[in-house]
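Novice:
In the working numbering, the protein residues as written are 40 to 328.
Here it is in structure tokens:
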């Protein structure tokens, strides 16, 4: 059972927290019915994303066996056979997709599109430089859209979609940089697209994205309130500044960024910063709006 659970990559489920963006930023976090619907959406998306991880591990089993960390995954290590993994994937599909459409037709469509996109990524798109990371970013945008689709949203700033895209690109290119540093001469053997990336190129992309993230977040804070009268969200900017800079430090000095979810789970300064940002956002949105 532990092998089945591990192949779903529960640590990756932290990415699905962005599904709550529509609920939180539309000030509906304290409303029971929308909260339960978004919780259900997050749970179903964990199953759907787990399905894509299983298929990805099946397709990448040989390459994963050459990776110093991924060789320990259940399928690559042999703890879960390919046959059992295929049956598990089919079972997840039969459970998650009907339940997704039952929750919301639009949510179900997003789940299908996300799965098709990720499977295309696993088979073809991950081999195309730049497109590989852009597809990952689109996956995050679909998560945000999924959370918006299952509830009736009164106001959700479009800047948040732009911000989600830029943050996902930042994490994606940061992961590529960390992989090149970790794998060195064997990087291309593990992931073919790494032959096209260089450290200087990735550093330049990260600097450009860093600027875009900070500008976009500042612009969002000006329009976080529907009538534009309340700009107290600007008080949360210092947390975003430190968080982005802290992640850049980790990128340059640690291999931890090869798995972005590990950074959020293990780096205490970043965890504290994210927690303080989240608290400050809730205070501003729910007490001073």
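Just so you know, even glycine gets a beta-carbon here, dropped at the ideal spot from N, CA and C.
Which stretch, first to last residue, makes up the alpha helix (DSSP H) that contains residue 287?
Specialist: Residue numbering aside, residue 287 sits at position 248 when the chain shown is read from its first letter. Counting along the chain, the alpha helix (DSSP H) containing residue 287 begins and ends at 276-292.
Novice: Alpha carbon to alpha carbon, what distance is there between residue 129 and residue 120?
Specialist: Locating residue 120 in the chain shown gives position 81, counting from the first residue. Locating residue 129 in the chain shown gives position 90, counting from the first residue. Rounded to the nearest angstrom, the two C-alpha atoms are 14 angstroms apart.
Novice: Skipping 5 residues on each side, what residues in its chain have a beta carbon closer than 6 angstroms to that of residue 312?
Specialist: Counting from 1 along the chain shown, the entry for residue 312 is found at position 273. Correct list, in chain order: 278, 281, 282.
Novice: Should residue 67 go down as buried or exposed, given a rule of 16 or more other Cβ atoms within 10 Å for buried?
Specialist: Against the chain shown, residue 67 aligns to sequence position 28. That one is buried.
Novice: For residue 178, which residues of its own chain have a beta-carbon under 7 angstroms away from its beta-carbon, when the five flanking residues on both sides are left out?
Specialist: Position 139 of the chain shown holds residue 178. Closer than 7 angstroms at Cβ, skipping near neighbours: 153, 156, 157.
Novice: Under 8 angstroms Cβ to Cβ from residue 324, same chain only, skipping five residues before and after it: list those, please.
Specialist: Here residue 324 refers to the residue found at position 285 when the chain shown is read from its first residue. Closer than 8 angstroms at the Cβ level, and outside the excluded window around residue 324, lie 63, 64, 66, 263, 272.
Novice: Run the CB neighbour count on residue 243, radius 10 Å, all protein chains shown included, and call it buried at 16 or more, exposed below.
Specialist: Counting from 1 along the chain shown, the entry for residue 243 is found at position 204. Under this definition residue 243 is an exposed residue.
Novice: Determine the direct distance from the alpha carbon of residue 185 to that of residue 74, and round the result to whole angstroms.
Specialist: Looking up residue 74 in the chain shown gives position 35. Looking up residue 185 in the chain shown gives position 146. Each residue's Cα considered, the two are about 14 angstroms apart.
Novice: Decide if the stretch 50-57 is in contact with the stretch 77-91; the criterion is three or more beta carbon pairs, one per stretch, under 8 angstroms apart.
Specialist: The stretch 50-57 vs the stretch 77-91: in contact.
Novice: Using 8 angstroms as the threshold, is the stretch 210-222 in touch with the stretch 235-249, meaning 3 or more CB pairs across them?
Specialist: Result yes; three or more Cβ-Cβ pairs closer than 8 angstroms.
Novice: Return yes when the Cβ of residue 143 is within less than 8 angstroms of the Cβ of residue 173, no when it is not.
Specialist: As a working mapping, residue 173 is identified with position 134 in the chain shown. As a working mapping, residue 143 is identified with position 104 in the chain shown. Taking 8 angstroms as the Cβ cut-off, residue 173 and residue 143 do not qualify as a contacting pair.
Novice: So, residue 260 versus residue 270, is the Cβ gap smaller than 8 angstroms?
Specialist: The sequence position of residue 260 within the chain shown is 221, counting from 1. The sequence position of residue 270 within the chain shown is 231, counting from 1. Yes, the Cβ-Cβ distance between residue 260 and residue 270 is below 8 angstroms.
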